[in-house]
Amino acid sequence: MIAPAGSPLAIVRDPSSARHLDPPAWDRLLPQLRRLHLHARVATDLIRSGIDASLPPPVREHMRAGQRVAAAQERSIRWEVDRIAAALDGVGSDLLLLKGAAYLLAGLPNARGRLTADVDIMVERARLPEVESALRAHGWQAVHRDEYDQGYYRRWMHELPPLRHAERDTVVDVHHTIFARVGRYASDPAKLLRRAVVIEGDPRWKRLCDEDLFLHAATHLFGEAMRNPLRDLLDLADLLALMPAGLAARAAELGLTRPLFYAVHFLDKILGIGAPKDCRSLPRPGALAFRLMDRLGTEAFLSPAPRRLGLAARAHWLRMPPHLLARHLARKAWKRVRSRREA
Amino acid sequence: MCPVRVGDLASDRFAALLGSTGAGIRTGPFSLRLRSRYRSVAETVHFLYADFPVDEAASFADLQVEIRPANGLRRWIRPQALFHLDGEPLFEPYPGRLAVPLLEWGLNWCVATLAHQYLMLHAAVLERDGLAVVMPAKPGSGKSTLCAALAHRGWRLLSDEMALLRPEDGLAWPWPRPLGLKNGSIDLLRRFAPEAAIGPVWRDTKKGDVAHMRPPRESVERAAEPAHPAWLVFPRWRDGSAARFDATPKADAMIRAADNSMNYRGLGGAGFETLADLVDRCDCLDFEYGRLDDALAAFEELARP
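Sequences listed follow chains V and S, in order. At position 17 of the first sequence (counting the first as 1) the number is -3 in the working numbering, and the numbers step up by one without a gap. At position 57 of the second sequence (counting the first as 1) the number is 715 in the working numbering, and the numbers step up by one without a gap.
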């Protein structure tokens, strides 16, 4: 896929192409980068490589601001992770960092300028009650007060309802596995925990092994509504570069071959990154499913304002079996009608 | 050649610009491209921003803002206005009749969340003979009233809302904008400075009645000139109080200033250095006052070499 000059895609694929952009091009590009939550990453890349010196002066100001945002985010996640570890000291579970926090503490390249709202952690399912009460005792509180929302997470999802710290306003998502437990990509958490590795910089924490890190990112991207499509695809690109062979075998073991297939497909199609050897003959989805996902995904990665309805519907579909989903959506619709009437 | 100013454009031409491609307006370090079809926005911006330069062929805008009506039923029943930045709505919808306060408030929010090239304090900043007084304060402290009064008595306004301190040079950079006045201080200012150009009063906002005062022309013309911070003043209005300055310990001043900063934490080491430098080079003072005239006399005294 050829990325048009001055598009977000072109700039993340080749930051040095920023040199050739004039002010009108930046006028179009910067708002898009901000919407995609990529401005801090681009700012970090351009400043590190010295390219920012050749940018129009007002754009340099934005790059400086973006770099500061990146640094602030990093500091805040490190501190949050430290506080969570302190709160969970002695709960008797392995503690894993997932996604952004894991990339950062493990020193992986995709952590640079990566903007996230929440810290995601994973613990053993049997220890969830202890973990939750320890966090509550240290100042975290439920974001959703509604009983049904609470139940939705607890019975069907792969995480507790999000908890927000009362003073710092930061949110932690406590997972016990990496995809909805009643969903299509549910995988056995014991298998994930068995191969988790200790994070060198902070041995209180573990993270998923390299392959699982990639597969989790792929499952998250292609199993959910793609809210940060390009950022998440860049995660996959950066992680793939570190990867030994063995993705395909591990995906088969965890039942995650489908998300791996789409990861490989879109890395090639959107970023021009060739598939690793063992991923070149993965079982394909049905022709119709593939065409649908190809269209929805391509639009999500390339369009400045993608329509998300199709992806949101697909994410719901993957997260719950049909009978549960029907009940859940009916319930949500009823609640919307009621709250509108009350308002 | 003088730049074209907003006030130089006929008001209907300005309204047409706002309603189509958007009007480029230079506000201090930030260029704004504003779009809106609200008549209240066109008329009030034309009035309040009259002295601001127009970037007619602006090829790059720092802030791309649109104030637009919410769609659907809300176009007709209790209409609502939305603040769009970068083409996306930022806040909960606001009553359509308050589109102007929404714009002013939203612009502050945008800079507070985007402009991390500066250490930002919620503070009024004014200058005399190259020296700046920085006045951090919480809402309700009488900061804006005092600031509006000083801006009409020989002090150059840099901002009534936000101190922009550059970590590289420690200077205070101007961001002149319309000054927000609330409730009783609207009439107080009218009496105090009959020459002040004050826009419409917007009733029953979240903060009560709100009106905006056009910043003095000089402050807009000199918007590219920074000033050296010399005084860090914590103002407090108290009914019946005589105007007086009291020295406050520098360590306390540092903590109180940090408490009024939007991004002190976010800037990390640079934030600490910049703020410590500010506190170091400034006289740090508490200021209490009951009457504007007394306050102005006290500030005259302060500025005397």
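Just so it is clear, CB atoms sit at the ideal spot from N, CA and C, and this is done for glycine as well. This one's a predicted model, so the numbers in the text were calculated from it and none came from an experiment.
Can the beta-carbon of residue i be found closer than 8 Å to that of residue j?
i        : j        : result
S/Pro907 : S/Ala830 : no
S/Phe718 : S/Val664 : no
S/Ser899 : S/Leu779 : no
V/Phe241 : V/Leu216 : no
S/Ala821 : S/Val783 : yes
V/Leu1   : V/Leu9   : yes
S/Arg693 : S/Leu676 : yes
S/Leu706 : S/His886 : no
S/Pro832 : S/Leu816 : yes
S/Cys805 : S/Leu890 : no
S/Thr932 : S/Leu777 : yes
S/Asp713 : S/Gly682 : yes
V/Ile340 : V/Leu173 : Residue 340 of chain V cannot be examined here, being either before or after the span of chain V that is shown, -19 to 323.
V/Ala20  : V/Ala50  : yes
Under three-state DSSP, which class holds residue i?
i          : result
V/His245   : helix
S/Arg849   : helix
S/Cys942   : strand
V/Val71    : coil
S/Glu879   : helix
V/Gly203   : helix
S/Thr685   : strand
S/Tyr776   : coil
V/Ala323   : The predicted position of V/Ala323 is uncertain, since its pLDDT is 43 and thus under 50; no value can be drawn from it.
V/Arg264   : coil
S/Glu746   : strand
S/Arg814   : strand
S/Glu785   : strand
S/His870   : strand
V/Tyr83    : helix
V/Met43    : helix
S/Glu724   : strand
V/Asp100   : strand
S/Thr803   : helix
V/Ala(-10) : helix
V/Ser34    : helix
S/Arg697   : helix
S/Thr679   : coil
S/Arg691   : strand
S/Ala854   : coil
V/Trp6     : helix
Kindly list, in the order they appear in chain B, the residues whose Cβ is closer than 8 Å to that of residue i.
i        : result
S/Glu746 : This model lacks chain B altogether, as its protein chains are V and S.
With 8 Å as the threshold, decide whether the Cβ of residue i is near any Cβ in chain V.
i        : result
S/Leu892 : First, the amino acid is wrong: residue 892 of chain S is Phe here, not Leu. Closer than 8 Å: no.
S/Ala782 : no
Less than 8 Å between CB atoms is the rule here; does residue i satisfy it with respect to chain S?
i          : result
V/Glu41    : yes
V/Pro(-12) : no
V/Arg(-1)  : no
V/Ala51    : yes
V/Pro36    : yes
V/Arg48    : yes
V/Glu322   : Low local confidence applies: a pLDDT of 47 at V/Glu322 is under 50, so the model's placement there is unreliable, with the coordinate-based value given in what follows. Cβ-Cβ to chain S under 8 Å: no for V/Glu322.
Going along chain S, which residues have a C-beta under 9 Å from residue i?
i       : result
V/Asp7  : Arg691, Ala716, Ser717, Phe718, Ala719 and Gln722
V/Pro4  : Ser717 and Phe718
V/Pro11 : Gln722, Leu743, Asp744, Gly745 and Glu746
What in chain V is Cβ-close to residue i, meaning under 9 Å?
i        : result
S/Gly677 : The contacting residues do not exist; S/Gly677 stays about 20 Å from chain V at best.
Which chain S residues are close to residue i, counting only those with a beta carbon under 7 Å from its beta carbon?
i       : result
V/Arg55 : Gly926
Closer than 8 Å by beta-carbon distance: list the chain V residues that pair up with residue i, in chain order.
i        : result
S/Gln738 : In chain order: nothing, as chain V lies at least about 13 Å away.
List, in chain order, every chain V residue whose beta-carbon is nearer than 7 Å to that of residue i.
i        : result
S/Leu772 : Ala45
Length at least 3, wholly inside the segment 106 to 173 of chain V: the beta strand (DSSP E) runs in chain order: If we require 3 residues or more, the beta strand (DSSP E) runs fully inside the segment 106 to 173 of chain V come out as 120 to 122, 143 to 145 and 151 to 155.
Identify every run of the beta strand (DSSP E) within the segment 889 to 962 of chain S, keeping only runs that are complete inside it and at least 3 residues long; order them along the chain. Taken in chain order, the unbroken stretches of beta strand (DSSP E) that lie wholly in the segment 889 to 962 of chain S and span 3 residues or more are 902 to 905 and 941 to 947.
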